[in-house]
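Those letters in the sequence shown? Residues 629 to 1251, by this note's numbering.
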Amino acid sequence: MLALAAASDAHAQLISPGSLTQAHAGLEGVRNCTSCHQLGQRGIEPQKCLDCHTPIRDRIARRQGFHARVSRQCGSCHKDHAGRRFNPIRFEGGRFDHSQTGFRLVGQHFEAECRDCHQPARITDAAVRRFIARGDGLVPTYLGLPRECGTCHRDDNPHGNSFAGQSCGECHNPSGWGDASGFNHAATGFPLTGPHARLDCESCHGTSGRFEGLSQACQSCHRPDSPHGNQFAGRDCDACHTVQSSWGSVPNFNHQRTDFPLVGRHVQVACGGCHPGSGGNRQFEGVPHGTCETCHEDPHDDAFGNDCATCHTPAGWEQMAASFDEERFDHEAHTGFALIGAHADLDCQSCHRRPARNDELIRIAFTGSPGGDSFPAVAHETCLSCHRDYHEGEFENNEGGAVCNNCHTQNEWTPTTFDVARHAADTDFPLTGAHLAVPCTACHVRPGHTKPLFDLDDACQECHADENPHGTEFADDDGVTACAECHNTTEWDLAQFDHDQTGFPLTGRHQTLACESCHTRETRPDGRVVRRFTGLDEACASCHAEDNPHRDQFEGRACNECHDTQAFTIAQFDHDRTRFPLDGAHERVPCGSCHRPERAPDGASFIRFLPLGTACADCHAGR
């Protein structure tokens, strides 16, 4: 036996060009030649390499990485039979085009050495670690490195856990950590505008780099700049000031929100005319303003009391109001019409002037004999006694007729009192989902109409016809598309759509596909580009014709006779279903021993399955 073994080893050395590398040492010997070589052919068989080097095989199948883009002849780059210490992975890093791996080197990555990134400790791909660990360890490989920045730069992270779960690339780029031009500060809820946009990050975030948990209140940075002392404690600066303007202007301040709205000549008075002091000593709160005499001297020596408004208005001293004390005149008691809301702010002459107002908005009608009255009586039975019907009779058939206060108040016409709750209770179209955020005018003001319409069709396509991506694909016999059968008002996406109801349940790999993979866009005869959902061919070939590796060997037979939706590979194919059941030694023969690659007339390579001869001589001739 020893003599026979020695003779076999000697024979192997006679026909072998040299010893194998350390990684392939287990394949040394003449009996193992066919592990890499095909009998009767020169060189090595690439598929045999991939049968062992499964991580590379799987990446090629997924069309990922460098090997998916280069020649399938492994021996053109990787050599062997040069001794145990020979390294079969050799290339010049400085000349290697890294973009062929699918990860283009730019910025500072372009200057890095290969092993700066490709280190064994950084390999995360479990399949690569299991495979390489069976050989000489992880040192030689360049596979299995993830793309996440933190893989290499975890120790460079100056933020701690502030941005855990976020990618570095959301702010930084390979040009350098100092370049954070990709960061959108508006996404933080605090957009930088005005002078803020010109500040360095350190101005607010300090040199220690704190980014989360900062107060957005103005006084958190500008407390020393406040000239008001404690007058406005509890209120934020942006109630009056903006970042676009200087501190001396107050574009956000509205004096009408105070208990002393500015009207008439008061609008033209400078702030300092009523608010004494200057700078930080200027008084804004607590300024007396109970009566006109607080600021204005009484030129009448109290002859008419201390209520100047009995005769005068802020429009000017020369602009006279009613020549009587309005406080003594109870408008409701004397006329039956209480002055409330916007009516309370009207000048008497707004309704009682001569000639009576008559325009597109207001139509005043006097009652009785108004000839000698300073303030003739006005008809006021209903709102429409003075106000023309803005809706042009659209609500005349409502119960009680066109009653304005069903929706409006005397304070102002808008907003109306017809809110979301009333829309649900008083109409057949309750507002839900995104409709809750839609302004009334989006539905009730239509092209070609200057005024809102309220008698509307509540079908989805009434408003969304131009947004319908399906054309008439789901329309009924009346041309109406029932959008609500698939969509709802919360979102248009079909994240929970049950594909089983279509008759084509999604299984295996089909479950991971985006809808657009099968439901592609097409241009209809009318020029509309729509996404097709109905009438699709369910046969495998309708989508996978270009993926068919069998040429025409199985024409007329369905793919699912051999394959399923989990994967195209056939791990447990039952050869007994063929006319050549496998038994005896045939059970251990690799598929590739009988089903070999062939070259089609067009140069493409494929595996021959049909037809094959089943006679022994078809495979074993000459043996």
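Quick reminder that beta carbons are idealized off the backbone N, C-alpha and C, glycines included.
Figure out for me which residue from the options has the closest Cα to the Cα of residue i.
i	options	result
Ala1052	Asp1202, Leu1064 and Leu1164	Leu1064
Gly876	Asp887, Ala898 and Gly862	Ala898
His1127	His1138, Glu1119 and Thr1118	His1138
Cys1171	Asp975, Cys1032, Arg685 and Ser1145	Ser1145
Pro916	Asp930, Pro927, Asp929 and Gly901	Gly901
Asn812	Gly822, Trp805, His800 and Gly804	His800
Asp1154	Ala1093, Thr1140 and Gly1099	Gly1099
Phe1237	Cys796, Gly841 and Glu1226	Glu1226
Ala937	Arg1050, Asp930, Cys920 and Asp929	Cys920
Arg1016	Phe1057, Asn1034, Glu988 and Thr1042	Glu988
Pro1218	Asn909, Phe1234 and Phe1201	Phe1201
Asp1230	Thr1135, Arg1179, Cys976 and Arg1185	Arg1179
Asp1094	Pro1058, Glu1113 and Val1157	Val1157
Thr941	Arg893, Ala1228 and Arg982	Arg893
Thr1135	Asn1026, Glu1150, Ala943 and His1191	His1191
Phe1023	Pro1043, Glu830 and Pro1080	Pro1080
Leu890	Asp973, Ser978 and Ser704	Asp973
In three-state DSSP terms, what is residue i?
i	result
Pro748	helix
Arg782	helix
Glu1144	helix
Arg775	coil
Ile684	helix
Glu1150	strand
Ile760	helix
Val658	helix
Pro1239	coil
Phe738	helix
Arg1227	strand
Gly1188	Inspection of the sequence shows that residue 1188 is occupied by Asn rather than by Gly. The answer is helix: DSSP assigns Asn1188 an H, G or I state.
His1138	helix
Ala984	coil
Arg991	strand
Phe1234	strand
Within the same chain, show all residues whose beta-carbon is closer than 7 Å to that of residue i, passing over the 5 residues directly before and after it, in chain order.
i	result
Pro802	Val734, Gly735, Gln736 and His737
Ile968	Gln1038
Gln692	Gly730
Thr922	Pro916
Gly1061	Asn1116, Thr1117 and Thr1118
Cys1247	Cys1222
Please list, in chain order, all residues of the same chain as residue i whose beta carbon is under 8 Å from its beta carbon, the five residues on each side excluded.
i	result
Gly1021	Ala1030
Gln911	Gln859, His903, Pro904 and Gly905
Asp744	Cys780
Pro819	His813
Phe888	His917
Is any heavy atom in the ligand FMN found nearer than 6 Å to the beta carbon of residue i?
i	result
Gly900	Summarising the ligand content, the structure contains no ligands, and the ligand FMN is consequently not present.
Would you mind sorting residue i into buried or exposed? The rule is 16 or more other CB atoms within 10 Å of its CB.
i	result
Ile717	exposed
Glu798	exposed
His746	buried
His850	exposed
Phe1082	exposed
Glu673	buried
Pro683	buried
Arg826	exposed
Arg687	buried
Asp637	Any reading at Asp637 must be qualified, since the residue scores a pLDDT of 48, below 50, and its modelled position is unreliable; no value is offered.
His1203	exposed
His1092	exposed
Ile760	buried
Thr995	exposed
Within the same chain, show all residues whose beta-carbon is closer than 6 Å to that of residue i, passing over the 5 residues directly before and after it, in chain order.
i	result
Cys1111	Cys1088
Arg985	Ile992
Leu678	Arg685
Phe1208	Thr1242
Ser790	Phe839 and Glu840
Can you tell me the Cβ-Cβ gap for residue i and residue j, rounded? I've got them flagged as a contact below 8 Å.
i	j	result
His924	Phe839	About 55 Å separates the two Cβ atoms, so there is no contact after all.
Gln896	Gly822	28 Å between Cβ atoms; not a contact.
Gly778	Val756	That pair is no contact at about 19 Å.
His1147	Phe1161	5 Å
Ser854	Gln844	Going by Cβ atoms, the distance from Ser854 to Gln844 rounds to 16 Å, so no, they are not a contact pair.
Thr1045	Cys1035	6 Å
Glu656	Ser663	In fact, because the Cβ distance is near 10 Å, the residues do not count as touching under 8 Å.
Ala970	Glu1040	6 Å
Pro645	His709	4 Å
Arg700	Thr649	Not confirmed; about 21 Å, so no contact.
Cys1168	Cys1187	4 Å
Ser1013	Ala1005	Not a contact, Cβ separation roughly 12 Å.
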